[in-house]
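Participant:
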Amino acid sequence: MGPSSLIVLIIAAIAFSGIAVLVSKVLLKATKNKQKGQPYECGIPTQGKTMVQLNVGYYLFALIFLVFDVELVFLYPWAVVAKSTGWLAFIEIVIFFFIIFMGFLYAHKKGALKWM
Amino acid sequence: MTLLALNLDWAYLLGKLILIAIIISVSLVIAMYETYLERKVAAWLQDRIGPNRAGPFGIFQPLADGAKLFFKEEIIPNSSNKFLFILGPCLAMMTAMMTCAVIPWSSSLDFGHGPIPLQIADINIGILYIFGVVSLGVYGIMIGGWASNNKFSLLAAMRGASQVISYELAMGIAIISLIFVTGSLSLKDIVGQQIGHTWNIVYQPLGFLIFFICALAECNRAPFDLPEAESELNMGYHQEYSSMKLGFYLFSEYINMFISSVIMATLFFGGYDIPFVNTATMNPNLAAVLGLIALMAKVVVFIFVFMWIRWSLPRFRYDQLMNLGWKGLLPLALVNMVVTGGVVLWLHK
Numbered sequence: 001m002g003p004s005s006l007i008v009l010i011i012a013a014i015a016f017s018g019i020a021v022l023v024s025k026v027l028l029k030a031t032k033n034k035q036k037g038q039p040y041e042c043g044i045p046t047q048g049k050t051m052v053q054l055n056v057g058y059y060l061f062a063l064i065f066l067v068f069d070v071e072l073v074f075l076y077p078w079a080v081v082a083k084s085t086g087w088l089a090f091i092e093i094v095i096f097f098f099i100i101f102m103g104f105l106y107a108h109k110k111g112a113l114k115w116m
Numbered sequence: 117m118t119l120l121a122l123n124l125d126w127a128y129l130l131g132k133l134i135l136i137a138i139i140i141s142v143s144l145v146i147a148m149y150e151t152y153l154e155r156k157v158a159a160w161l162q163d164r165i166g167p168n169r170a171g172p173f174g175i176f177q178p179l180a181d182g183a184k185l186f187f188k189e190e191i192i193p194n195s196s197n198k199f200l201f202i203l204g205p206c207l208a209m210m211t212a213m214m215t216c217a218v219i220p221w222s223s224s225l226d227f228g229h230g231p232i233p234l235q236i237a238d239i240n241i242g243i244l245y246i247f248g249v250v251s252l253g254v255y256g257i258m259i260g261g262w263a264s265n266n267k268f269s270l271l272a273a274m275r276g277a278s279q280v281i282s283y284e285l286a287m288g289i290a291i292i293s294l295i296f297v298t299g300s301l302s303l304k305d306i307v308g309q310q311i312g313h314t315w316n317i318v319y320q321p322l323g324f325l326i327f328f329i330c331a332l333a334e335c336n337r338a339p340f341d342l343p344e345a346e347s348e349l350n351m352g353y354h355q356e357y358s359s360m361k362l363g364f365y366l367f368s369e370y371i372n373m374f375i376s377s378v379i380m381a382t383l384f385f386g387g388y389d390i391p392f393v394n395t396a397t398m399n400p401n402l403a404a405v406l407g408l409i410a411l412m413a414k415v416v417v418f419i420f421v422f423m424w425i426r427w428s429l430p431r432f433r434y435d436q437l438m439n440l441g442w443k444g445l446l447p448l449a450l451v452n453m454v455v456t457g458g459v460v461l462w463l464h465k
């Protein structure tokens, strides 16, 4: 009966945040003026575009993260049954790991893990 | 199938609803009092008094703060994306509340109608569920920061997202080495194995250390609080937020801290196990209450350590943070995993 109560919890969580947003919308009367609607950047008017180009490093880290995260998903089921699958599976995983780790080392060597 | 089960068993559903309501409200109250505790601990560490006006020792301060947040005027900037601006804090709050689903709070109660488990859902992929929901939490930060259309928020959101995904890897690998020891992903099984036996911290001290550091980073706590580095980014990703939506972000942060303390206590410190006491022979209700108290005592210790670290250590620079995550913790976690796997297989044969 696990999953059904999980669904109930998810509905409860959605309802909680939805109701709180609605209540604050109904209860609170906001006044509007031009200055209030501006983005807050320490009191001075905002300069230039907000959506500036960001450091490519964020993107590179996200790519390397994706590789390792997919690998992690493969490791979880193996970790649960590791005792019954024995050494053969262990060696296979170590080889699998070795290949991905080579990729990690390559990225490291190329300077992808160096910030800025 | 699940819908059918919902239709058939109303008493069960009612019990679960009550449990959900209790757990959600308790975690909200705990999040409120964490803010109080944080200010008191900060005051204590800095030789000040801290909040002491509202009620005896200032214990009504969080209530006053909560009421103030709730009745503040709500400002949504003109240049923001309205829908995403509202969605961001709601997502953060939802994911914070959903993580508590698989945690076994104590052993089962029993009022003569069969055992009532104090766990919302005992699913066999408990740890993976927590991991998935915690990963979703990054969207709350990212969407909120992006939709504000503010330079500070955008930078903070990028930092936050990058930091959280970086530390997730080392955290996941540290948990894999723990799973070698336990052989199960269900939190209930993991606690059950530790009751009356050795706690997992003895088998996985390095894994715990890695997990703890990553938990600090995942909760955006100092010294990893770069998404909210006040001296560089004002308020960070929730710069444009006010009223209840700001409250959602702050609450979700404190709930995350509470839940990660509970998870650490559950995975590595025996959960609701009371050391050197055999609860199997006691009255099940008494045992459940004592177990809950034991779990909460462990959690309070963790929360105190979180705060102690915040008020003792300076903040990392961003490149130092990335280096620690990718070149320090990740290789260390990998080595820990391979060694643990080898040792477990060697001892098992």
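Protein sequence lines correspond, in order, to chains A and B. Mapping to the working numbering: the first sequence position 97 is 97, numbers consecutive. Mapping to the working numbering: the second sequence position 66 is 182, numbers consecutive. Don't be surprised by glycine CBs; every beta carbon is placed ideally from N, CA and C.
#1: So which of Trp-315/B, Phe-340/B, Gly-248/B has the shortest CA-CA distance to Arg-275/B?
#2: Is Ile-10/A close to chain B? Criterion is C-beta to C-beta, closer than 8 Å.
#3: What does Leu-442/B touch in chain A if you count any residue whose Cβ is under 7 Å from its own?
#4: Of all the alpha helix (DSSP H) runs that stay within the bounds of the stretch 274-316 of chain B, which reach a length of 4 or more residues?
#5: Does Ala-396/B pass the burial test, meaning 16 or more other C-beta atoms within 10 Å, or should it be called exposed?
#6: Going by beta carbon distance, what residues of the same chain come within less than 7 Å of Leu-271/B, once the five residues before and after it are set aside?
#7: Taking the C-alpha atoms as reference points, what is the distance between Arg-337/B and Phe-268/B?
#8: With a CB to CB cut of under 6 Å and the five nearest residues on each side skipped, what residues in its chain are close to Ile-292/B?
#9: CA-CA distance, Arg-155/B and Gly-131/B?
#10: Which residues in the same chain have their Cβ closer than 6 Å to the Cβ of Asn-168/B, if we skip the five residues on either side of it in sequence?
#11: According to DSSP, simplified to helix, strand and coil, what is Asp-226/B?
#12: What are the start and end residues of each continuous alpha helix (DSSP H) run of 4 or more residues lying completely inside the stretch 352-431 of chain B, in chain order?
#13: So with CB distances below 8 Å, who are the chain C contacts of Phe-61/A?
#14: Since Lys-49/A and Gly-299/B are thought to touch, with beta carbons under 8 Å apart, how far apart are those beta carbons, to the nearest angstrom?
#15: For Ile-232/B, does the three-state DSSP call read helix, strand or coil?
#16: What distance in whole Å lies between the Cβ atoms of Leu-285/B and Phe-65/A, which are believed to be in contact at a cut-off of 8 Å?
#17: Excluding the five sequence neighbours on either side, which residues of its own chain have a C-beta within less than 6 Å of the C-beta of Ala-410/B, listed in chain order?
#18: Only counting the same chain, and skipping five residues up and downstream in sequence, which positions put a Cβ closer than 7 Å to that of Ala-170/B?
#19: Starting from the C-beta of Val-415/B, find all residues in its chain whose C-beta is less than 8 Å away, skip the five residues before and the five after it, and write them out in chain order.
#20: Rounded to a whole number of angstroms, what is the C-alpha to C-alpha distance between Thr-31/A and Lys-25/A?
#21: Taking the alpha-carbon positions, what's the Ser-282/B to Leu-437/B distance?
#22: Please report the Cβ distance between Gly-256/B and Ala-290/B, rounded to the nearest whole angstrom; I am assuming they are in contact, meaning their Cβ atoms lie under 8 Å.
#23: Got a sec, what are the start and stop residues for the alpha helix (DSSP H) Asn-439/B sits in?
#24: For the alpha helix (DSSP H) that contains Pro-206/B, what are its first and last residues?
#25: Could you tell me the distance, in whole angstroms, from the CA atom of Arg-164/B to the CA atom of Leu-28/A?
#26: Could you tell me the alpha carbon to alpha carbon distance between Ala-468/B and Ile-93/A, rounded to whole angstroms?
#27: Compare the C-alpha of Ser-223/B against each of Leu-406/B, Ala-237/B, Asn-372/B and name the closest.
#28: By DSSP, does Cys-335/B sit in helix, in strand, or in coil?
#29: Between Ile-306/B and Leu-383/B, what straight-line distance do the alpha-carbon atoms span, to the nearest angstrom?
#30: Strictly under 8 Å for the Cβ-Cβ distance: is Phe-68/A near chain B by that measure?
#31: Please classify Ile-165/B: does DSSP put it in a helix, a strand, or coil?
#32: For the stretch 6-23 of chain A against the stretch 211-226 of chain B, are there 3 or more C-beta pairs whose distance is under 8 Å?
#33: At a Cβ cut of 8 Å, what residues of the stretch 305-321 of chain B count as close to chain A, listed as they run along the chain?
#34: Expressed to the nearest angstrom, what Euclidean distance is found between the alpha-carbon atoms of Trp-126/B and Ile-236/B?
#35: CB-CB under 6 Å to Leu-200/B, same chain, minus the five flanking residues each way: which ones, in chain order?
#36: Ser-196/B: buried (16+ other C-beta within 10 angstroms of its C-beta) or exposed?
Facilitator: In short:
#1: Phe-340/B
#2: yes
#3: Sequence inspection shows Trp at residue 442/B; the Leu mentioned does not correspond to that position. Per Cβ cutoff of 7 Å: Leu-113.
#4: 303-310
#5: exposed
#6: Leu-349
#7: 19 Å
#8: Met-453
#9: 36 Å
#10: Gly-174
#11: strand
#12: 359-384, 400-426
#13: Looking at the structure shown, chain C is missing, and the protein chains on hand are A and B.
#14: With 8 Å as the limit, Lys-49/A and Gly-299/B do not qualify as a contact, their Cβ atoms being about 54 Å apart.
#15: strand
#16: 7 Å
#17: Tyr-388, Ile-390
#18: Phe-176, Gln-177, Ala-180
#19: Phe-374, Ser-377, Val-378, Ala-381
#20: 13 Å
#21: 9 Å
#22: So it is not a contact: roughly 24 Å between Cβ atoms.
#23: 434-439
#24: Correcting the residue type first, residue 206/B is Cys in the shown sequence and not Pro. That run of the alpha helix (DSSP H) goes 198-214.
#25: 36 Å
#26: There is no way to answer for residue 468/B, as the model of chain B reaches only from 117 to 465.
#27: Leu-406/B
#28: coil
#29: 7 Å
#30: yes
#31: coil
#32: yes
#33: none
#34: 15 Å
#35: Ile-259, Ala-263
#36: buried
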